[in-house]
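Right, here's the structure in full:
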């Protein structure tokens with residue numbers, strides 16, 4: 001009988017005491033590779049985001065991984081591009097980059113860059129669209145790409 005009481009007390013104690021259970025959350029950073037038929041295909045790396053508290057911190061971290069390209073993968077992110085800041089408001093990710101790295105490539109490269117950028121940002125829960133600022137000024141890419149037309153339907157938007 002004593003054993004049953006002890007078990008019951010332990011179970012009640014475990015139910016009452018709050019526990020911090022932190023779920024793992026991952027973000028994906030998208031790059032490209034060339035397969036054996038010379039086709040350009042996507043690849044990605046997963047990064048654990050459990051240590052970041054806000055979506056702003058997560059988006060800043062994951063975009064820095066994309067722009068740094070530490071694995072030396074095929075990328076269409078301009079070489080000198082750096083992130084000044086990111087901010088997420090109501091599902092909109094505002095990405096502020098430096099003007100030295102602003103995109104000046106052709107339409108194909110621009111499309112590939114947009115694909116990398118969108119897929120990387122959309123790997124985070126709660127982001128459904130992006131806008132780019134160049135040193136604090138709202139900008140479209142050189143090809144006139146309007147980011148407002150890109151919406152993430154996979155996050156329920």
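Numbering (our numbering), first residue to last: 1 to 157. Glycine is no exception: its CB is placed at the ideal position from the N, C-alpha and C atoms. Predicted, not measured: the structure shown is a model, and the values here were computed from it.
Rounded to a whole number of angstroms, what is the C-alpha to C-alpha distance between residue i and residue j?
i: residue 61; j: residue 36; result: 32 Å
i: residue 84; j: residue 16; result: 45 Å
i: residue 38; j: residue 120; result: 24 Å
i: residue 58; j: residue 1; result: 52 Å
i: residue 5; j: residue 124; result: 46 Å
i: residue 109; j: residue 78; result: 10 Å
i: residue 69; j: residue 75; result: 8 Å
i: residue 47; j: residue 82; result: 19 Å
i: residue 98; j: residue 135; result: 5 Å
i: residue 115; j: residue 139; result: 17 Å
i: residue 71; j: residue 54; result: 26 Å
i: residue 92; j: residue 52; result: 19 Å
i: residue 67; j: residue 107; result: 19 Å
How would you label residue i, buried or exposed, when you count the other beta carbons within 10 angstroms and need 16 or more for buried?
i: residue 21; result: The predicted position of residue 21 is uncertain, since its pLDDT is 48 and thus under 50; a value taken from the coordinates is nonetheless stated next. Exposed is the call here.
i: residue 96; result: buried
i: residue 152; result: buried
i: residue 118; result: buried
i: residue 41; result: exposed
i: residue 159; result: Within the shown structure, residues of the chain are numbered from 1 to 157, placing residue 159 beyond reach of any answer.
i: residue 112; result: buried
i: residue 50; result: exposed
i: residue 3; result: exposed
For the putative contact between residue i and residue j, defined by C-beta atoms under 8 Å, what is the C-beta separation to the nearest angstrom?
i: residue 26; j: residue 43; result: Not quite, the Cβ-Cβ distance comes to about 15 Å (not below 8 Å), so this is no contact.
i: residue 131; j: residue 94; result: 5 Å
i: residue 29; j: residue 56; result: The pair is not a contact, with the Cβ atoms about 17 Å apart (cut-off 8 Å).
Does DSSP put residue i in a helix, a strand or coil?
i: residue 77; result: coil
i: residue 64; result: helix
i: residue 119; result: helix
i: residue 56; result: helix
i: residue 38; result: coil
i: residue 22; result: Residue confidence is low: residue 22 scores 49 on pLDDT, short of 50, so the model does not pin down where it sits. Its coordinate-derived value is still stated next. The answer is coil: DSSP assigns residue 22 none of H, G, I, E or B.
i: residue 3; result: helix
i: residue 110; result: helix
i: residue 127; result: coil
i: residue 157; result: Any answer about residue 157 is weak, because its pLDDT of 38 lies below 50 and its placement is not dependable; what the coordinates show is given next. Of the three classes helix, strand and coil, the one that applies to residue 157 here is coil, per DSSP.
Are any of the Cβ atoms in chain C nearer than 8 Å to that of residue i?
i: residue 96; result: The displayed structure is made up of one protein chain only, and chain C is not part of it.
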